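**Student:** The numbering of the sequence shown is the numbering used here, which starts it at 576 and goes up by one. We put the beta carbon where it would ideally sit given N, CA and C, even for glycine. Values in this document were obtained by computation on a predicted structure and should not be read as measured data.
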Amino acid sequence: MLYEFRSRATGSVTMVGKAAEQVLKIIGKSPDATGIITVAQIPAAIAALEQAAEREPADQPQDADDQNLREDARERFVSLRQRVYPLIELMREAKAADVDVTWGV
576 MLYEFRSRAT GSVTMVGKAA EQVLKIIGKS PDATGIITVA QIPAAIAALE
626 QAAEREPADQ PQDADDQNLR EDARERFVSL RQRVYPLIEL MREAKAADVD
676 VTWGV
C-alpha cells in the first residue's frame, strides 16, 4: 500500500505502507486510509519526526539480524532520517503557507 502526503502549497511525498505507518505512529496519527495534519499540529509533528530520527543510530539497519547482513544490503538501507526528510520539508512549506497536510492511500 502507498500513502501520499500532500498539501495545497507543495507537491506530494509518497511512502510505502510500512514506512508511512511508522511515520504516522511517531506523529500520533492513526494509519487510516486518509487523514490530516492540521496547520496547528505541524510543528509538533515535525519535532516528533526530528526527535525520532535523532534517536535512530545513523545508517544502521534495525533488524535483529544486523550482523548477518551483507555489505551491499547495508549500502541499500534507508534510515528513518532519510525517509522523513522530504515529509518534514513538505510540512515546513505547508506551515509557511498556512495550509494543512493530508494523506491518502
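Would you check if the region 618 to 631 and the region 594 to 604 touch, i.e. whether three or more CB-CB distances between them fall below 8 Å?
**Tutor:** They touch, by the three-pair rule.
**Student:** What span of residues does the alpha helix (DSSP H) with Met576 cover, start to end?
**Tutor:** In the sequence shown, residue 576 corresponds to position 1, counting from 1. Where Met576 is concerned, there is no enclosing alpha helix (DSSP H), given that its DSSP letter is neither H nor E.
**Student:** Check the Cβ-Cβ distances between Gln626 and every residue of chain C, and say whether any is below 9 Å.
**Tutor:** Protein chain content of the structure displayed is limited to a single chain, and chain C is not contained in it.
**Student:** Among the candidates Val674, Ala584, Leu577, whose CA atom is the shortest distance from the CA of Pro606?
**Tutor:** Locating residue 606 in the sequence shown gives position 31, counting from the first residue. Comparing Cα-Cα distances from Pro606 to each of Val674, Ala584, Leu577, the minimum goes to Leu577.
**Student:** What number of angstroms, rounded off, separates the C-alpha of Glu631 from the C-alpha of Ala623?
**Tutor:** Taking the sequence shown and counting its residues from 1, the one referred to as residue 631 is at position 56. Taking the sequence shown and counting its residues from 1, the one referred to as residue 623 is at position 48. When rounded, the distance between both Cα atoms is 13 Å.
**Student:** If you count every other CB in all the chains shown that lies within 10 Å of the CB of Ile611, and 16 or more means buried, which is it?
**Tutor:** Working through the sequence shown from its first residue, we reach residue 611 at position 36. Label assigned to Ile611: exposed.
**Student:** For Val614, which residues in the same chain have their Cβ closer than 7 Å to its Cβ, ignoring the five residues on either side in sequence?
**Tutor:** For this step, residue 614 is matched to residue 39 along the sequence shown. Excluding residues within five positions, the ones whose Cβ falls inside 7 Å are Lys670, Asp673, Val674, Asp675.
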